[in-house]
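Here the sequence shown is numbered in our numbering, starting from 4 and rising by one per residue. Following: one structure in structure tokens, then a few remarks.
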Amino acid sequence: MRLSVDRRRRLIDVLPERAEDLYFVYLLVDRGDVVRGWTVREYKPEGAKEGERIKVYLAVRVEALEYHKFRGSLRVRGTVVEVGGDLEGVKGRRHTFDVLPGREIEIAKPESYPMELVDEVAKLASVALPRILLVSIDGDEAAVAHITALGVELLGVLENRRPKEAGSDSEEEALGPFFREVAKAVDQYRVRLRPDRVVLAGPQLYVEMAARYIKGDLAPQSSGGLAGVYEFQRGGHFEAYREILGSEALGEVLRLASERPELVAVGLDAVREAAAQGRVRMFAVVDEALKERAEEYAEVLRLVFSARGAVRIVPAEGEAGQMLTAMGGCAAVLRY
């Protein structure tokens, strides 16, 4: 994702380059912003019998966002406030921007928005993992999952329902038809999703046998199938990833909550009070909460940044996000 910021004019230029980047654009756009860019709109000149779809440069004041993570779609809805060219009757009408990879937009922020948050989003985007197609496999089951900066999406589970073939002399021969079935499914996912890497995970014996049918990196572990997907997530493969998703931050909150509860604030009201006193050292907030109550969180974020506190944005999907959501959507570690 390409990102540039004009802090004086409070403008953010962003060019998403792939579907995962739309998540970071979603974090940057709030209700009340003005979004500018090229878009397609139906236009019916005065006196014309029928309208036509034309490419036009518009600016809308954002009223709603519609984002679907795994479908890779982001729509920005609002009222047109600026129109390029000589199009009459468009200003003041409603319009929907389809934000797409390869299409640049400009986001104009109000004075109340803490521009430091852009740095946190840029940092989150810069260390996002490549896209991984995980094939967790053993002799009974294969689970295929798509892993991106957004989380883990289970694509499908294939069971080995084939009886051992008559005349087969080895387990590998007996498993051949199953591995070929899995390889066919993996090829289809590979074409559709274009992952950066394919990873085979599971007991070493089965991973090595499957590698003769499926090309990819090998990640031997104790279990395959659906259980292997969870083991792969919990293992050492995602240390940097878990830090991005806020597990490390949440771990610090939970540790202090049991050892020194006076150094933890849970929920927006408690964090706001601590931030007003300059006490917040680290603030963890769930992305969905941040978007749903953008104006209230903007106030807290300004206070945290002004006191040189750190901010961690935690996706709602995943263990850390779910736990933080149950705690009211946010929590903070305090200096004193």
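Heads up, the beta-carbon is just placed ideally off N, CA and C, and yes, glycines get one too. All figures in this text were calculated on a predicted structure; none of them were measured in a lab.
DSSP beta-bridge partners of residue i
i	result
ALA364	What is shown of the chain runs 4 to 339, which leaves residue 364 out entirely.
GLY154	THR151
GLU114	DSSP lists no partner for GLU114.
ASP36	According to DSSP, ASP36 bridges with nothing at all.
ARG80	ALA67 and THR99
THR42	VAL59
VAL17	LEU6 and ILE108
GLY337	As written in the sequence, residue 337 is Leu, which differs from the Gly given in the question. BP columns for LEU337 point to VAL283.
GLY159	VAL147
ALA268	ALA335
SER85	Reading the sequence as shown, one finds Glu at residue 85 and not Ser. Paired residues: ALA62.
Buried/exposed call for residue i, threshold 16 Cβ in 10 Å
i	result
GLY208	Before going on, a small fix: residue 208 reads as Leu here, not Gly. Flag for LEU208 reads exposed.
GLY228	buried
GLY159	exposed
ALA323	buried
LEU221	exposed
ARG315	buried
TYR116	buried
ILE217	buried
PRO113	exposed
Residue range of the unbroken alpha helix (DSSP H) whose run includes residue i
i	result
LYS294	290 to 295
LYS126	119 to 129
VAL189	174 to 196
Distance between residue j and residue i (C-alpha atoms, nearest Å)
i	j	result
ALA252	PHE100	35 Å
MET212	PRO223	12 Å
PHE73	LEU337	35 Å
VAL17	PHE181	45 Å
ALA67	ARG34	6 Å
VAL194	LYS187	11 Å
PRO206	GLU144	12 Å
ARG12	ALA273	33 Å
VAL343	VAL102	The structure shown does not extend to residue 343, since the chain is modelled only from 4 to 339, so the question has no answer here.
ALA277	LEU161	51 Å
TYR2	TYR192	Residue 2 lies beyond the stretch modelled for the chain, which goes from 4 to 339, so this question has no answer here.
GLY249	GLU291	14 Å
PHE235	PRO19	29 Å
ALA329	MET285	19 Å
Cβ pair residue i, residue j closer than 8 Å
i	j	result
VAL189	VAL201	yes
VAL269	GLY331	yes
GLY40	GLU119	no
THR151	GLU69	no
TYR29	LEU61	no
VAL79	VAL63	yes
GLU299	LEU327	no
VAL138	VAL147	yes
Run of the beta strand (DSSP E) containing residue i, from where it starts to where it stops
i	result
ARG315	313 to 317
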